[in-house]
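Asks: If you count the sequence shown from 1, you need to add 10 to reach my numbering.
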Amino acid sequence: MFGIQPIYWVLIDSAVAFLYLFVISKLLGKKQIAQLEFIDYTVGISLGSIAAEMATNTEVPFYYFLIAMTIFFLFAVLVAVVGRKTTFLKRLLKGKPATLIYDGKINYKELKKNKIDVNDLLSMLREKGYFDIADVAYAVFEPSGELSVLPVGAQKPLVMEDLDKDKIKPAQLEDIVVVDGVLSWSGLNNAGKDEQWLFKRLGVTDGKDLKDILLCVYDAENDKLNTYRKSDMQ
11 MFGIQPIYWV LIDSAVAFLY LFVISKLLGK KQIAQLEFID YTVGISLGSI
61 AAEMATNTEV PFYYFLIAMT IFFLFAVLVA VVGRKTTFLK RLLKGKPATL
111 IYDGKINYKE LKKNKIDVND LLSMLREKGY FDIADVAYAV FEPSGELSVL
161 PVGAQKPLVM EDLDKDKIKP AQLEDIVVVD GVLSWSGLNN AGKDEQWLFK
211 RLGVTDGKDL KDILLCVYDA ENDKLNTYRK SDMQ
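1) Threshold first: 3 residues or longer. Then list the beta strand (DSSP E) segments lying entirely within the region 110-168, N to C.
2) Let me check one thing: in DSSP terms, what residues is isoleucine 81 bridge-paired to?
3) Hey, out of Phe72, Asp185, Ser56, Ala65, whose CA is closest to alanine 86's CA?
4) Assign aspartate 185 to one of three DSSP states: helix, strand, or coil.
5) What is the DSSP secondary structure of aspartate 229, reduced to helix, strand or coil?
6) Tell me whether the region 191-211 and the region 219-233 touch, counting them as touching only if at least three CB pairs, one residue from each stretch, are closer than 8 angstroms.
7) Terminal residues of the continuous alpha helix (DSSP H) containing leucine 208?
8) Beta-carbon within less than 7 angstroms of leucine 224's beta-carbon, same chain only, minus the 5 sequence neighbours each way: which residues are those?
9) Grab me the residues of valine 53's own chain with a C-beta within less than 6 angstroms of its C-beta, minus the 5 sequence neighbours each way, in chain order.
10) Run the CB neighbour count on phenylalanine 1, radius 10 Å, all protein chains shown included, and call it buried at 16 or more, exposed below.
11) At which residues does the beta strand (DSSP E) containing leucine 198 begin and terminate?
12) Considering just the uninterrupted stretch of the beta strand (DSSP E) at asparagine 67, what are its terminal residues?
13) Per DSSP, what are the beta-bridge partners of tyrosine 238 in this structure?
14) Between Asp233, Gly213, Asp113, which lies nearest to glutamate 203 when the distance is taken from Cα to Cα?
15) Less than 8 angstroms between the CB atoms is what I'm expecting for leucine 121 and leucine 131, so what's the real figure, rounded?
16) Less than 6 angstroms between C-beta atoms, sequence neighbours within five positions excluded: which residues of the same chain meet that for phenylalanine 75?
17) Taking the CB atoms as reference points, tell me whether glycine 114 and valine 162 lie closer together than 8 angstroms.
18) Measuring alpha carbon to alpha carbon, tell me which residue in Asn200, Ile143, Trp195, Lys138 is nearest leucine 157.
19) Can you list, in chain order, the residues of its chain whose CB lies under 6 angstroms from that of alanine 44, leaving out five sequence neighbours each side?
In structure tokens:
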């Protein structure tokens, strides 16, 4: 084409794809490169795939790819505009927040609906600085994939000068002894307890009776079990 070898067209198309993709990304805003929602993820993947194809495919006119990227860009803008006008379409296309912990109780239905297991939830809470689930009043799983946490009143941040430093107790991890109906031997060993002790405290006879327990954590300082049951969250 115009006497230029295909390798040069690859270089030219790559440069054009990069510049055009850069312009579209700037127009879509910082949100496109921050926490992505479903529609943002889909558009981002599609634009990247089209740009990559444009850079290497010398048989298809380059403006075909530019048209395709423009269509995806306009679709993303349309979704953003419609989403502000219509709540239903916004929830359909972008999803809606899910309350995983409500009033201190794990919402088992929302966990299953969002394909999140207890270990995932505990991991996200630790990332937010909450190593004890009992300190959490509400936890909301946002459409962006982020977890928003509202602690119980006693755990809200305070200035250290407002506290009596002599009464501040050192931080201590609690031992997880049951996760999603399965006994955790490592948690029991860390707590220095055995399964018979656990069964007695829970009022069960064997491991089969643990199926209803979503999470059980042993608080050694207060010598108590914090238990979250599936049947309590239906």
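Glycine included, every Cβ here is placed at the ideal spot set by N, Cα and C.
Values in this document were obtained by computation on a predicted structure and should not be read as measured data.
Replies: So, from the listed chains and residues:
1) 146-151, 157-161
2) Walking along the sequence shown from the start, residue 81 turns up at place 71. DSSP, once it has assigned bridges, lists no residue as partnering isoleucine 81.
3) In the sequence shown, counting from the first residue as 1, residue 86 sits at position 76. Checked all of Phe72, Asp185, Ser56, Ala65; the closest Cα to alanine 86 is Ser56.
4) The residue labelled residue 185 in the question sits at position 175 within the sequence shown. If DSSP states are grouped into helix, strand and coil, aspartate 185 belongs with the strands.
5) Position 219 of the sequence shown, counted from the first residue, corresponds to residue 229. Reduced to three states, the DSSP call for aspartate 229 is strand.
6) yes
7) Here residue 208 is taken as the residue at index 198 of the sequence shown, counted from 1. Run containing leucine 208: 205-212, per the alpha helix (DSSP H) assignment.
8) As a working note, residue 224 is residue 214 in the sequence shown. Hits under 7 angstroms: Ile116, Tyr118, Val128, Asp190, Tyr238, Arg239, Lys240.
9) Counting from one through the sequence shown, the residue named residue 53 turns up at place 43. Closer than 6 angstroms at the Cβ level, and outside the excluded window around valine 53, lie Phe82, Ala86.
10) Residue numbering for the chain in the displayed model covers 11 to 244; residue 1 lies beyond these limits and cannot be assessed.
11) For the purposes of this step, residue 198 is identified with residue 188 of the sequence shown, where counting begins at 1. No beta strand (DSSP E) holds leucine 198; the alpha helix (DSSP H) holding it covers 195-201.
12) Walking along the sequence shown from the start, residue 67 turns up at place 57. It is not in any beta strand (DSSP E) - asparagine 67 carries neither H nor E in the DSSP assignment.
13) Counting from 1 along the sequence shown, the entry for residue 238 is found at position 228. Bridge partners of tyrosine 238 according to DSSP: Leu225.
14) Against the sequence shown, residue 203 aligns to sequence position 193. The amino acid at residue 203 is misidentified as glutamate; the sequence shows lysine. Here the closest residue by C-alpha is Asp233.
15) Residue 121 sits at position 111 when you count from the first residue of the sequence shown. Residue 131 sits at position 121 when you count from the first residue of the sequence shown. The pair is a contact, with the Cβ atoms about 7 angstroms apart (cut-off 8 angstroms).
16) For the purposes of this step, residue 75 is identified with residue 65 of the sequence shown, where counting begins at 1. Here the set comprises Ile60, Met64.
17) Start at 1 with the first residue of the sequence shown, and residue 114 comes out as number 104. Start at 1 with the first residue of the sequence shown, and residue 162 comes out as number 152. Contact flag set, yes.
18) Here the question's residue 157 lines up with position 147 in the sequence shown. Comparing Cα-Cα distances from leucine 157 to each of Asn200, Ile143, Trp195, Lys138, the minimum goes to Lys138.
19) Working through the sequence shown from its first residue, we reach residue 44 at position 34. Reliability fails at alanine 44, whose pLDDT of 44 lies under 50, so the model's placement of it is uncertain and no value is given.
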